[in-house]
Every structure is written in structure tokens, then in C-alpha cells.
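**Student:** Residue numbers (the working numbering): 212 to 353.
Think of the CB as a built atom: it goes at the ideal place given N, C-alpha and C, for glycine as much as any other residue.
Pasting a structure below so you can have a look.
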């Protein structure tokens, strides 16, 4: 497990902050008694447009005073949340980075392209499994 992600309820369902848990697919935490009880206490459901989820590194974006609940996500679930939150320009290169785990061809070019479109170095490390020093070195050359 990783640091906790956060479920929270927005005052305005039209705000595009975080990701709707239903959009990410099955998340083990959504079936826990704690989450079900929290949703019941808030008068909400797992499919509410006001219910949002952010990964641990984005918890500072949760609005002050918003009802929130820390939830554990496994690495695969967390990766899906991050992928849904990534800007559309990141999606194709993130898919290539994830596929890179099975190939070493063109590593430097792929890392360079990912950095060029703004994929954060920590996300490149997470997707590729390469040593953080390799990504840092590639970032220094840009």
C-alpha cells in the first residue's frame, strides 16, 4: 500500500477537481465498511458527481472545509487514478512509458519526450521502473 489517497465531497459538482472514483474502475476501498459508512453519514453515494478522489501528492488540492476521508489504494489503483487525472497530452506518452517496462529500446528518447510534454519525473519513474537518477539525468539535459 501507498500513502493514503483522499475521497472528498465537493460543494459544487461542476468543479473538475480530482477524479470521480466510478471513472477509475473498481477500487477495493469503495467496498469497505469505513467508506460505505462515511458515504452514508454524508448522505452521498459512490456514484455521486460530487464525490472525488485525489492521489496522495494532490491532497493539498482538496478544498478547505470539504468533507474528506483518507483511503488506501494499491499501486495499480493509484496508477489508474493518476492516469485519469493526467492532462490529455500526457496520456499517449504515459501509455508508452508503461509499456517501456517490457523493453529497453529508445529509453532516453522516450524519457525526453515525456519530460518535454510535462510528465513529472516521479511519474516517469513510477511508470517505467527506471532508476530515479536516470530520469534526473535526462531532465538535467533539457
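Buried or exposed: where does residue 348 fall if 16 or more other Cβ atoms within 10 Å of its Cβ makes it buried?
**Tutor:** Counting from 1 along the chain shown, the entry for residue 348 is found at position 137. Classification for residue 348: exposed.
**Student:** Just to confirm before moving on: does the CB-CB distance between residue 238 and residue 280 stay below 7 Å?
**Tutor:** Mapped onto the chain shown, residue 238 falls at position 27. Mapped onto the chain shown, residue 280 falls at position 69. Taking 7 Å as the Cβ cut-off, residue 238 and residue 280 do not qualify as a contacting pair.
**Student:** Who are the near neighbours of residue 350 in its chain, counting only those whose CB is closer than 6 Å to its CB and skipping five residues on each side?
**Tutor:** Working through the chain shown from its first residue, we reach residue 350 at position 139. These residues qualify, in order along the chain: 326, 332.
**Student:** Give the straight-line distance between the Cα atoms of residue 320 and residue 235, rounded to the nearest whole angstrom.
**Tutor:** If you number the chain shown from 1, residue 320 lands on position 109. If you number the chain shown from 1, residue 235 lands on position 24. Approximately 30 Å between the Cα atoms of the pair.
**Student:** Roughly how many angstroms separate the alpha carbons of residue 317 and residue 284, rounded to a whole number?
**Tutor:** Numbered from 1 along the chain shown, position 106 holds the residue referred to as residue 317. Numbered from 1 along the chain shown, position 73 holds the residue referred to as residue 284. Near 31 Å, if we compare the C-alpha coordinates of residue 284 and residue 317.
**Student:** Given this structure, state the Cα-to-Cα distance separating residue 282 from residue 274, to the nearest angstrom.
**Tutor:** Within the chain shown, numbered from 1, the residue matching residue 282 stands at position 71. Within the chain shown, numbered from 1, the residue matching residue 274 stands at position 63. When rounded, the distance between both Cα atoms is 17 Å.
**Student:** Is DSSP giving residue 228 helix, strand or coil here?
**Tutor:** Locating residue 228 in the chain shown gives position 17, counting from the first residue. Three-state DSSP puts residue 228 in coil, outside helix and strand.
**Student:** In this structure, does DSSP put residue 216 in helix, strand or coil?
**Tutor:** Residue 216 sits at position 5 when you count from the first residue of the chain shown. Three-state DSSP puts residue 216 in a strand.
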